Amino acid sequence: MTAGALMACHDCDLLQRIPSVPEGAAALCRRCGTVLIQNKPKSFQRPLALLFAAVILFVMFNAFPFLTFKKGGLEHQTHVITGIRQLSDQGMEALAILVAINLLIVPACTFWHLCMCWCR
3 MTAGALMACH DCDLLQRIPS VPEGAAALCR RCGTVLIQNK PKSFQRPLAL
53 LFAAVILFVM FNAFPFLTFK KGGLEHQTHV ITGIRQLSDQ GMEALAILVA
103 INLLIVPACT FWHLCMCWCR
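Take 3 as the starting number for the sequence shown in the numbering used here and just add one per residue.
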């Protein structure tokens, strides 16, 4: 038996050593045949492409107007940031904080964390 990591099967709970798996291959359970580990080649490219697409959409979401009102020849555009500021100015600080957390802070922190993980 080759030296490898110990792993229990997700289905039958058989404890077994898993050898290194070459690209494109999979390690199967000896008892039930369930796939334990699958080494997919270039498996990092799809999540990385999705991350970059999400960053581009996040920047566009915050750069372009969120709402545009036209009335009587006047046009008023609202961005996400100005909407948060207007909520705060109208006395709805709790709602402004909730909107800022959900639309700006959490996505920005998520992108930052994922970028730092990919850069290692």
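Note that the Cβ used here is the ideal one computed from N, Cα and C, for glycine as well.
Predicted model, so just to flag it, every value in this text is computed and none were measured.
query, result
"From the DSSP output, in three-state form, read off LEU76 for me.", "strand"
"May I have the straight-line CA-CA distance separating GLN92 from LEU52, to the nearest angstrom?", "37 angstroms"
"When the Cα atoms are used, what is the spatial distance from GLU95 to CYS117?", "31 angstroms"
"Does the beta-carbon of MET3 have 16 or more other beta-carbons within 10 angstroms, so that it is buried, or is it exposed?", "Here MET3 scores only 39 on pLDDT, less than 50, and its place in the model is too uncertain to base an answer on."
"What is the residue span of the beta strand (DSSP E) that LEU17 lies within?", "17-20"
"Could you give the first and the last residue of the continuous beta strand (DSSP E) run that contains VAL37?", "37-40"
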